[in-house]
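What follows is a set of notes on a single structure, which appears directly below.
Residue numbers (our numbering): 257 to 410.
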């Protein structure tokens with residue numbers, strides 16, 4: 257390949273960069289909903305909401321859903337346990353294993369945060385029409401499917 261054939265990379269037109277930037281800004285801005293008033297970190301929020309949705313799960317599954325590395329998941333679970341938001345229970349299918357579940361306090365916190373999270377999301381999405389929102393979600397779904405194919409080498 258000659259130097260003339262090399263295309264230039266413009267970050268503002270490079271999707272991985274734009275998505276990374278957007279994700280960081282959304283996460284940082286949304287964190288204000290729960291960080292100051294509830295003293296939750298971003299990893300704690302992610303584990304809390306994933307656990308609320310799943311009802312019970314093991315640490316490995318939570319890490320996969322929250323896209324977090326094993327050590328961060330482990331530290332975060334310990335912090336949530338210290339705050340009495342998460343508790344360990346015995347897995348009924350495998351008595352040697354334990355599952356994590358929200359405690360009564362964790363569930364109460366989640367129930368208190370949901371309306372605030374949804375209100376924040378509504379503010380963010382207020383700039384999109386209903387068709388634009390549907391198109392955005394459809395595009396995200398397509399990109400996720402393509403990433404799975406690329407990851408699997410298809």
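Backbone N, C-alpha and C fix where the C-beta goes; we use that ideal spot for every residue, glycine too. Bear in mind the structure is a predicted one, so any value in this text is a computation, not a measurement.
Mark residue i as exposed unless 16 or more other C-beta atoms lie within 10 angstroms of its C-beta, in which case mark it buried.
i, result
"residue 300", "buried"
"residue 342", "buried"
"residue 296", "buried"
"residue 382", "exposed"
According to DSSP, is residue i helix, strand or coil?
i, result
"residue 351", "strand"
"residue 310", "helix"
"residue 409", "coil"
"residue 283", "helix"
"residue 273", "helix"
"residue 402", "helix"
"residue 295", "coil"
"residue 265", "coil"
"residue 258", "Per-residue confidence for residue 258 stands at a pLDDT of 49, beneath the threshold of 50, marking its modelled position as unreliable; no derived number is given."
Does the distance from the CB of residue i to the CB of residue j come in under 8 Å?
i, j, result
"residue 318", "residue 358", "no"
"residue 340", "residue 367", "no"
"residue 333", "residue 303", "yes"
"residue 384", "residue 290", "no"
"residue 330", "residue 308", "no"
Alpha carbon to alpha carbon, how far is residue i from residue j?
i, j, result
"residue 327", "residue 337", "15 Å"
"residue 257", "residue 335", "Confidence is the limiting factor: at residue 257 the pLDDT is only 44, short of 50, which leaves the residue's position unreliable, though a coordinate-based value still follows. Cα to Cα, the separation comes out at about 53 Å."
"residue 346", "residue 312", "10 Å"
"residue 399", "residue 392", "11 Å"
"residue 219", "residue 288", "The shown model of the chain, from 257 to 410, leaves out residue 219, and the question about it has no answer."
"residue 306", "residue 263", "41 Å"
"residue 353", "residue 324", "21 Å"
"residue 278", "residue 365", "27 Å"
"residue 376", "residue 350", "40 Å"
"residue 396", "residue 270", "16 Å"
"residue 280", "residue 273", "11 Å"
Every unbroken beta strand (DSSP E) within the segment 313-399, with a cutoff of 3 residues, ordered by chain: For the segment 313-399, the full-length beta strand (DSSP E) segments reaching 3 residues or more read 342-347 and 350-358 along the chain.
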